[in-house]
Amino acid sequence: MVINNLSFDIEIAAEGKLIVDIRDFSLERGRVTFLLGESGIGKSLISRALYGLLDPAELTVTVNSRPYPEYTAGESVREIQRQGFFVFQEPSSHLNPLMTLGDQLREGTLARATDRSEVLHALWEGADERDLGSILDVYPKPYRPSGGEKQRILLAMALEKIDMRPPSEDRSPEGLFVFDEPSGSLDNHYRNLFLDLLFDRFRKRPFTALVITHDYSMISRVTRTNWDVMDRVDFRELARRRGKLVMNDFEPRTYTGWVEGLRRSTESGLDDPDRKPVLVVEPFLEVFGRRLVVTRDVEGQQPARLTVPRGAMVYLKAPSGTGKTTLVKRVMGLIPGGTFEAKLKDIRLTGTTPRTFWHERIWGRSMTMVFQHADEALNLHSTMRETLLGLPVREPLTTERMTRLAGELFDGDEVGDLLGKKVRMLSGGQKQRLNLLRALALLTDVLILDEPLNGLDFESSTRVIDMLHRKMHAGMGLLVISHNEEIFDALAGVDGTYYLHAGQ
Amino acid sequence: MKIAANTMARIRLAFLSSQHARWAVLWFAGMAVLLGWDLLFLNRPALAQIQTALLNSLVGGFLVVLFSMVLGWLSALGLHYLEQGGNRTSYLLLTFSLNLLRSLPQIIGILLGYVVLTILILQDVLRAPILQVVSMSFVVSLFVFLEVSDLIRERIGHYRALDFFDAMLCCGIKESRIINTEILRKNSLAHLVHKAVAVFGMAVFLQCSIDFIISVGLSTEVSSTNFPATLGSVLARMDSKQDILAIGMVFTDVSYITALAFRHLQGINIAFIIVFTLVCTYNIANGLVRRYHL
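In order, the protein sequence lines correspond to chains Z and H. Residues 1 to 504 in the numbering used here are what the first sequence lists, from first letter to last. Residues 1 to 294 in the numbering used here are what the second sequence lists, from first letter to last.
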């Protein structure tokens, strides 16, 4: 049997409530399909359903009108699993804590792999056998290795499995390779490395793959470096329209053109002498005994004051784990003590500024911050309306004002329903928009944004960027940290970009 | 087929998630049946005594819960604000005092409290029975409220470790609102209700234990006769003890089991109420844990 094009009608219900209903979801054989969309919309659920991984005791699932147990018992699903590979979103949940990473690389069908060193050396650039050994000999828990290393181990497994495919003349069944947020724990460098390795293999001999992501900047990378195979790459977007899930083709040019437009129209305003600094942070900081240095150059040779002008955006860049979030928390006065000095308008802030002062003068009044993880930053047991209550705004937030405000980031016709909805019932993207909305409702001088586009789809990202533009025009200074370099490089420009380094 | 499966799933879910409600209903039903039986077969003076004891114990239990909640909330918030405000000396002093209280075994602490209460009762300061019940409950709550305080501190600590707390602070939301509304009311109500149920059970148990101890004669003055009747003090009386001992007769003469329900009703009644109430309380608390995934 050879699996031809895979086409699915999937219905998933929990406790009698339909949570996914998608028709004609098709994966063409020998193509790579990118499934885009905001986080929490159901991308992973759909891929798990078609891969036969859902628990029928927890969820009522039908695939192609067949009850789930019947579908998962089918030969086609078993072949998809046997010949393919599924890279889970959360690497820790995939790895066995009782086996070393090296043993897991040789587990099951992967034991037949003849030479795995090529993949490993490619994913661990510059690592020699000893370095690799020190990674492969450890157990995944409790703390070693890092999330990025675990993610690369899973990707190495999947790439090995691709290399192990039977020869093309063998008419044996073909598997499906699913990569669920493969770059979730990787920085852009390793993300690009993975994409290059994937498409190198695809170029040599095509396979069927589904890449699930909410990182739209993958589109630029894929279209730029793999133009020769673009006729065998599909981009689809899963979105909710009027309460229904819909799957549409996504034209790569929509995204790349938008980024290009941002780049062209950026006016960071740093050269404008009328734009006075609203926040200035001294370049040398010490947090939890760790020294951090802010520089203007990527090499870290030119320490510079981090200066956020009024009505402009400043982008702070650094590799994962350097301490970007720690620095902005320090700037927000959430981590007391240590070496720190900043000036907010005419207010001098140091490591010893009393907490009451931050309460009375800074938080929500002069400066505010949007946190990275909406799930943690929001009260999941509140409604959207309650989330916006208690903010120090001049005029009380009436339902009418809330509706108008929410309409800037949500569809106008869905706002009415959403205001009374519990936060935990919102999708990941909706939560992130609410997380942003709470801070954007305030009229502060400075807004700090930690990964503001986390989990958003393309349409929401454009709305958020439009709203940030409006805030800048209103005179707000923005300080952004984000892995989404492509968009924020375009928005902040070279003059608005700073780099963070771990000091000696 | 799908409808039937969904209905079965709902019934299963409802059954699993309503353990606390089922045990609460069972407790009320059990007590109603017992009352009906007592009305038919127990002599009136003994019934009145049991009813008074039950009422005092239940009111006492509820008061202990109330006092513990207030004291727990005050101490937890006091520690939080002293810690956040950098008032190290006051923070250490309060922590030391609370730890001192924690280091004292509950039974010993409550006995000492009862000594003080006896003095007050003998000096006619606490004359009204209701005032005596309130005072007894306050003494018990002094050695129980730390459980509530620890829970509230743990809940605040949990949310402080997440971005939750800082994200709201940064938006200018008042700390008192974050703690009382966002953390305690919206995110910890189930935990607090669960703790309240546990404290209620603990209060009933501690009261019975203390009453039993003082009934055997702690001193000539600290005596159960000085305090309002509770389940423990009625159980500690000689006739109740003999009723309990009569249960042993069943092992040598099985036919004696029927006599237990008629001739030894007072002691059996009290013992049943205590054990049944504690079992139901334990299951209600466990049901809440399961229902809300605490």
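From the three backbone atoms N, C-alpha and C, an ideal C-beta is built for every residue, glycine too.
What distance in whole Å lies between the Cβ atoms of ILE270 of chain H and ILE50 of chain H, which are believed to be in contact at a cut-off of 8 Å?
Yes, ILE50 of chain H and ILE270 of chain H are in contact; Cβ-Cβ is about 6 Å, under 8 Å.
When DSSP labels each residue in this structure, what does TRP227 of chain Z get in the three-state scheme?
Three-state result, TRP227 of chain Z: helix.
Assuming ASN56 of chain H is part of the alpha helix (DSSP H), what are its boundary residues?
Looking at the DSSP string, the run of the alpha helix (DSSP H) that includes ASN56 of chain H is 44–84.
Beta-carbon of LEU26 of chain H versus every beta-carbon of chain Z: anything under 7 Å?
Not one chain Z Cβ lies under 7 Å of LEU26 of chain H.
Could one say the Cβ of LEU391 of chain Z lies closer than 7 Å to chain H's Cβ atoms, at least one of them?
Yes, LEU391 of chain Z counts as interfacial toward chain H.
For VAL298 of chain Z, which of helix, strand or coil comes out of DSSP?
It is coil, neither helix nor strand.
Would you mind reading off the limits of the beta strand (DSSP E) that contains HIS501 of chain Z?
That run of the beta strand (DSSP E) goes 497–502.
May I ask you to verify whether the region 27–40 of chain Z touches the region 85–99 of chain Z, counting CB pairs closer than 8 Å and requiring at least 3?
Counting Cβ pairs under 8 Å, fewer than three are found: no touch.
Our contact map puts GLU154 of chain H next to ASN379 of chain Z with C-beta atoms below 8 Å; I'd like the distance itself, whole angstroms only.
Not really, about 18 Å apart at Cβ, beyond 8 Å.
Comparing C-alpha positions only, which one of Z:ILE362, Z:THR444, Z:SER320, Z:ALA239 sits nearest to ILE41 of chain Z?
Here the closest residue by C-alpha is Z:ALA239.
Please state the DSSP three-state secondary structure of PHE410 of chain Z.
DSSP places PHE410 of chain Z in coil when its eight states are reduced to three.
Any contact between the region 95–107 of chain H and the region 23–37 of chain H? By contact I mean 3 or more CB pairs, one from each, below 8 Å.
They do not touch, by the three-pair rule.
DSSP three-state label for MET1 of chain Z, please.
Residue confidence for MET1 of chain Z is low, a pLDDT of 35 falling below 50, so the modelled location carries little weight and cannot support an answer.
Is the Cβ of ILE3 of chain H closer than 7 Å to any Cβ of chain Z?
No, ILE3 of chain H does not count as interfacial toward chain Z.
Which residues, in order along the region 308–334 of chain Z, keep a beta-carbon less than 8 Å from a beta-carbon of chain H?
Listed by position along the chain: LYS329, MET332, LEU334.
From this set, Z:ARG106, Z:LEU262, Z:VAL246, Z:ARG236, which residue's C-alpha is nearest PRO252 of chain Z's C-alpha?
The shortest C-alpha separation from PRO252 of chain Z is found at Z:ARG236.
Between LEU176 of chain Z and the rest of its own chain, which residues show a CB-CB distance below 6 Å, the 5 nearest in sequence each way excluded?
Cβ within range, chain order: ILE80, GLY84, THR208.
Considering only the beta carbon of each residue, do SER90 of chain H and THR230 of chain H sit closer than 7 Å?
The answer is no: Cβ separation not under 7 Å.
THR208 of chain Z by DSSP, collapsed to three states: which one?
It is coil, neither helix nor strand.
LEU192 of chain H: which of H:ARG127, H:ILE257, H:SER149 sits nearest, CA to CA?
Looking at the Cα atoms, H:SER149 is the closest of the given residues.
Taking the straight line between their C-alpha atoms, what separation do you get for ILE3 of chain Z and ALA73 of chain Z?
The pLDDT assigned to ILE3 of chain Z is 48, lower than 50, so where the model puts this residue is not dependable; a value taken from the coordinates is nonetheless given after this. One C-alpha to the other measures close to 16 Å.
Taking the C-alpha atoms as reference points, what is the distance between ASP163 of chain Z and ALA374 of chain Z?
Those two C-alpha atoms are separated by around 39 Å.
How would you list, in chain order, the residues of chain H whose beta-carbon sits under 9 Å from the beta-carbon of THR368 of chain Z?
Here the neighbours are CYS170, CYS171, GLY172.
Which residues does DSSP pair with LEU285 of chain Z in a beta bridge?
Answer by DSSP bridge pairing, in chain order: Z:LEU292.
Shortest alpha-carbon distance to LEU409 of chain Z belongs to which of Z:ARG365, Z:GLN432, Z:VAL287, Z:LEU50?
Nearest of Z:ARG365, Z:GLN432, Z:VAL287, Z:LEU50 to LEU409 of chain Z, Cα basis: Z:GLN432.
Fully enclosed by the region 378–465 of chain Z, which alpha helix (DSSP H) runs are 4 residues long or longer?
With a minimum length of 4 residues, the continuous alpha helix (DSSP H) runs that stay inside the region 378–465 of chain Z are 384–387, 399–406, 412–419, 428–440.
From this set, Z:ALA49, Z:THR33, Z:GLY30, which residue's C-alpha is nearest ILE19 of chain Z's C-alpha?
It is Z:ALA49 whose Cα lies nearest to the Cα of ILE19 of chain Z.
Measuring CB atoms only, is the region 437–448 of chain Z touching the region 416–428 of chain Z, in the sense that at least three cross pairs come out at less than 8 Å?
Not touching, per the Cβ criterion.
Any beta carbon from chain Z within less than 7 Å of PHE164 of chain H's own beta carbon?
By this cut-off, PHE164 of chain H is an interface position.
Tell me the DSSP secondary structure of MET238 of chain H in three-state form.
Note: MET238 of chain H maps to helix in three-state DSSP.
Tell me the DSSP bridge mates of TYR315 of chain Z?
Per DSSP, Z:VAL480, Z:THR497.
In three-state DSSP terms, what is ARG253 of chain Z?
If DSSP states are grouped into helix, strand and coil, ARG253 of chain Z belongs with the helices.
Cα separation between GLY16 of chain Z and THR60 of chain Z?
GLY16 of chain Z and THR60 of chain Z: Cα-Cα distance of roughly 8 Å.
Taking only beta-carbon atoms, is ASN64 of chain Z less than 7 Å away from chain H?
Not closer than 7 Å to any Cβ of chain H, the Cβ of ASN64 of chain Z fails to qualify, so no.
Taking all protein chains shown into account, do 16 or more other C-beta atoms lie within 10 angstroms of the C-beta of MET238 of chain H, making it buried, or fewer, making it exposed?
Counting Cβ neighbours within 10 Å, MET238 of chain H comes out exposed, since fewer than 16 surround it.
On a Cα-Cα basis, can you pick out the residue from Z:GLN430, Z:THR266, Z:LEU27 that is closest to LEU210 of chain Z?
Among Z:GLN430, Z:THR266, Z:LEU27, the Cα nearest to that of LEU210 of chain Z belongs to Z:LEU27.
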